[in-house]
Amino acid sequence: MTRTIKRLSVFISLVVAFTLVSPNILWAVEESGTQHEEEFNAGKMIIDHIVDAYEWHLLTIGETHVSVYLPVILFDEGQFHVFSSSKFHHGHSSYDGYKIETEGFFKGSIVKTKGDSMETDTEASLPFDISITKHVLALFFSLTLLLVVFISVARKYKRNPNKAPNGFQGLIEPLIIFIRDDVAKTSIGEKKYEKYTPYLLTLFFFIFLNNLLGLIPIFPGGANLTGDISVTMTLALFTFFITQFIGTKNYWAHIFNTPDVPWYLKVPIPIMPIIEIVGAVIKPFVLMIRLFANISAGHIIVLGFVSLIFILGNVTAPLGFGISVISVPLSIFMSFIELLVAFIQAYVFTLLTALYFGSATQEGHH
Amino acid sequence: MELISPGIGLMFWMVLAFSAVVFILGKYAWKPIMASIKEREKSIEDALSAAERAKEEMKSLIFSNEKMKKEAIAERDALLTEARKIRDSIIEEARVKAKEEYVKIVENAKESINYEKLAAITDLKNQIAQLSIEIAEKILKQELSPETKQQEYIKKLVEEININ
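Protein chains in written order, with the numbering used here: chain A, 269 to 634; chain B, 135 to 298.
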């Protein structure tokens with residue numbers, strides 16, 4: 269356990285070092301240019317908190333923003349452009365012919381500008397943007413955490429063979445056995461579950477860990493990674509492609525020539541095959557939406573309760589203080605619900621993935 | 135990068151990093167963990183079944199001990215009864231033999247008594263005869279006058295002797 273903590277601290281210091289040493293990244297404390305009092309906009313604040321960004325905004329003290337500026341990496345017309353996101357000045361200026369779009373369909377993404385102006389070049393193609401954004405950094409952090417934790421747990425298993433689990437190992441083992449026995453074994457079947465258990469375990473712990481990290485409000489937690497549709501889409505696509513890849517003859521027969529269905533549903537109009545194919549696509553789509561919506565909604569509700577204080581505080585200060593008595597316990601209560609949701613959503617995503625794997629690998633039993 | 139439009143960059147990193155982690159964890163974490171959990175489960179199962187077997191064995195051992203004890207008791211009882219029987223029969227036999235011997239001895243004694251008696255009688259007879267003859271001789275010597283008288287007398291004497 270102490271070793272794990274030591275490794276963790278080494279890793280965290282590495283992350284900090286990486287953000288500091290990397291040429292274009294800075295911890296920046298900066299005067300915001302505009303002096304006018306901005307009206308508090310709850311919707312904008314909430315969306316800003318849960319969507320991806322080119323900088324990791326930590327806090328604002330008075331008029332100064334404290335942010336971690338992350339590197340922007342663009343691949344455009346055969347060339348890499350790497351620079352710090354601080355060059356955009358929170359999206360207020362363009363750099364090297366690029367800017368963060370402020371409106372329209374591409375709002376929030378990096379687009380090309382006409383010269384050095386802030387005008388969008390609508391004719392130019394979008395650059396291929398592989399910047400280390402807030403969510404990419406959170407992704408790297410959580411994946412490294414997964415690696416460190418589970419490799420050290422594995423080492424413990426190797427060190428104490430045939431012994432009762434203790435310490436952190438004892439916390440993890442029930443979850444591992446839960447995924448193995450109640451998710452993999454029951455959904456895929458006694459014969460084949462062992463092959464897919466490692467993937468399911470990684471999937472479960474990735475979602476669960478990120479759901480939990482998302483609930484921690486301070487850096488490097490607090491990123492709404494599993495509430496980012498890119499992440500849930502990628503996970504859903506993994507599930508989809510693995511399912512198609514491992515599909516047995518029986519699985520494809522079910523799609524294109526569904527048994528126990530009258531022939532006139534297949535010929536001349538292939539109604540059943542169409543329904544089955546749509547079903548196969550909808551399954552990962554629903555996975556994507558469910559995780560994204562659940563986690564984002566949790567963040568939105570908690571932030572909403574907090575925003576309530578400021579909305580009413582803008583009307584009159586005493587009203588803000590008054591509502592905080594209700595708002596703060598409610599947001600604490602929601603955070604506890606979110607702990608539950610963190611587990612349930614990780615479980616549901618893994619269970620459904622296992623069920624799809626199970627139906628794809630099922631041998632004929634008719 | 136709005137709420138519901140997926141960002142290509144994040145997806146790119148996600149695919150790359152997540153598959154790497156799936157691979158690394160699969161090889162260096164899940165494989166040894168699953169193997170050792172399975173091994174431990176197997177060893178626990180083995181230990182349990184071994185304990186169960188030992189219990190069964192103990193039970194059968196106790197049972198066989200009990201059986202052996204019972205058998206030993208039965209054997210002892212059989213031996214005792216047999217010994218008693220043998221003892222009784224020996225006593226009986228001895229009694230019978232003793233009786234026989236006693237009867238034999240009595241018989242022998244009777245026989246020898248008879249014999250002795252006969253011998254004594256014979257001896258007595260002889261002596262009587264001797265005495266008679268001597269008496270007769272004496273009488274004859276005294277009164278051998280009429281022949282008939284003599285003869286009658288002799289006859290009478292003889293008859294008298296014949297009683298015995």
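For glycine and all other residues, C-beta sits at the position ideal for the given N, C-alpha and C.
All of these numbers come straight from a predicted model, not from anything done at the bench.
Original post:
Does the distance from the CB of Tyr624/A to the CB of Thr494/A come in under 8 Å?
Top reply: The answer is no: Cβ separation not under 8 Å.
**OP:** May I ask you to report which of helix, strand or coil DSSP gives Lys283/B?
**Re:** The answer is helix: DSSP assigns Lys283/B an H, G or I state.
**OP:** With DSSP collapsed to three states, give me the class of Ser595/A.
**Re:** Here DSSP, grouped into helix, strand and coil, assigns Ser595/A to helix.
Original post:
Would Thr497/A pass as a contact of Ile138/B if the rule is Cβ separation under 8 Å?
Top reply: What sits at residue 497/A in the sequence shown is Ile, not Thr. For Ile497/A and Ile138/B, yes; Cβs fall inside 8 Å.
Subject >> Proximal residues of chain A, C-beta to C-beta of Ile158/B below 7 Å >> reply: At a C-beta separation below 7 Å, Ile158/B has these neighbours in chain A: Leu415.
**OP:** For Gly572/A, count neighbouring C-beta atoms within 10 Å of its own C-beta (all shown protein chains included) and say buried if the count is 16 or more, exposed if not.
**Re:** By the beta-carbon neighbour count (other beta carbons within 10 angstroms, threshold 16), Gly572/A is buried.
**OP:** Would you mind working out which of Phe513/A, Val574/A, Met556/A and Ala406/A sits nearest Ile594/A, comparing C-alpha positions?
**Re:** The shortest C-alpha separation from Ile594/A is found at Val574/A.
Subject >> Below-8 Å beta-carbon distance, Leu213/B vs any chain E residue >> reply: Included in the structure are the protein chains A and B, with no chain E among them.
Original post:
Near Lys375/A, what residues of its chain come up, given a Cβ to Cβ distance below 8 Å and the 5 sequence neighbours on each side ignored?
Top reply: The answer, listed in chain order, is Glu369.
Subject >> Unbroken beta strand (DSSP E) run spanning Trp324/A, endpoints >> reply: Its beta strand (DSSP E) spans residues Glu323 to Ile329.
Subject >> Presumed contact (8 Å Cβ cut-off) between Leu619/A and Val421/A, rounded CB distance >> reply: Not a contact, Cβ separation roughly 23 Å.
Subject >> Rounded C-alpha distance that separates Glu81/B from Val416/A >> reply: This structure cannot speak to residue 81/B, because chain B is shown only from 135 to 298.
Original post:
Sorted by chain position, which residues of the same chain lie with C-beta nearer than 8 Å to His317/A's C-beta, five sequence neighbours on each side aside?
Top reply: Cβ neighbours of His317/A beyond the five flanking positions: Asn492, His567 and Leu571.
Subject >> Every unbroken beta strand (DSSP E) within the stretch 339-405 of chain A, with a cutoff of 3 residues, ordered by chain >> reply: Unbroken beta strand (DSSP E) stretches of 3 residues or longer found wholly inside the stretch 339-405 of chain A: 339-344, 347-352, 366-368 and 378-380, given in chain order.
Original post:
Does the Cβ of Met135/B have 16 or more other Cβ atoms within 10 Å, making it buried, or fewer, making it exposed?
Top reply: The predicted model places Met135/B with a pLDDT of 48, which falls under 50 and marks its position as unreliable, so this point remains unresolved.
**OP:** Tell me where the beta strand (DSSP E) around Tyr337/A begins and ends.
**Re:** Counting along the chain, Tyr337/A sits inside the beta strand (DSSP E) bounded by residues Thr332 to Tyr337.
Original post:
What's the gap between the Cα of Thr328/A and the Cα of Ser399/A?
Top reply: Distance between the alpha carbons of Thr328/A and Ser399/A: 24 Å.
**OP:** Evaluate contact between the stretch 144-156 of chain B and the stretch 401-415 of chain A, counting only Cβ atoms and requiring at least three cross-stretch pairs below 8 Å.
**Re:** When C-beta atoms of the stretch 144-156 of chain B are compared with those of the stretch 401-415 of chain A, three or more pairs fall below 8 Å, so the two segments count as touching.
Original post:
Residues of chain A with a CB under 8 Å from the CB of Ala151/B: which are they?
Top reply: By Cβ distance, chain A contributes Leu407, Phe408 and Leu411.
Subject >> Of the residues Gln437/A, Ile514/A and Phe418/A, the one placed nearest Ile456/A, counting alpha carbons only >> reply: Cα-wise, what sits closest to Ile456/A is Ile514/A.
**OP:** For Asn562/A, count neighbouring Cβ atoms within 10 angstroms of its own Cβ and tell me buried if that reaches 16, exposed if not.
**Re:** Counting C-beta atoms within 10 angstroms of its own C-beta, Asn562/A has 16 or more neighbours from the protein chains shown and is therefore classed as buried.
**OP:** Specify, as a first and last residue, the run of the alpha helix (DSSP H) that Thr516/A falls within.
**Re:** Where Thr516/A is concerned, there is no enclosing alpha helix (DSSP H), given that its DSSP letter is neither H nor E.
Original post:
From Glu305/A to Phe617/A, what does the alpha carbon distance come to, in whole angstroms?
Top reply: The predicted model places Glu305/A with a pLDDT of 49, which falls under 50 and marks its position as unreliable; any figure quoted below should be read in that light. In a straight line, the C-alpha of Glu305/A is about 44 Å away from that of Phe617/A.
Original post:
Where does Pro140/B sit, in a helix, a strand or coil, going by DSSP?
Top reply: If DSSP states are grouped into helix, strand and coil, Pro140/B belongs with coil.
Subject >> chain B within 8 Å of Asn430/A, Cβ atoms only >> reply: Cβ-Cβ to chain B under 8 Å: yes for Asn430/A.
Original post:
Touching or not, the stretch 535-552 of chain A and the stretch 142-153 of chain B, by the rule of three or more beta carbon pairs under 8 Å?
Top reply: No, the stretch 535-552 of chain A is not in contact with the stretch 142-153 of chain B.
Original post:
Is the CB of Leu137/B under 8 Å away from at least one CB in chain A?
Top reply: Residue-level contact check: Leu137/B touches chain A, since one or more beta carbons of chain A fall below 8 Å from its beta carbon.
Original post:
Hey, how far is the Cα of Ala614/A from the Cα of Phe308/A?
Top reply: Between Ala614/A and Phe308/A, the C-alpha separation is close to 34 Å.
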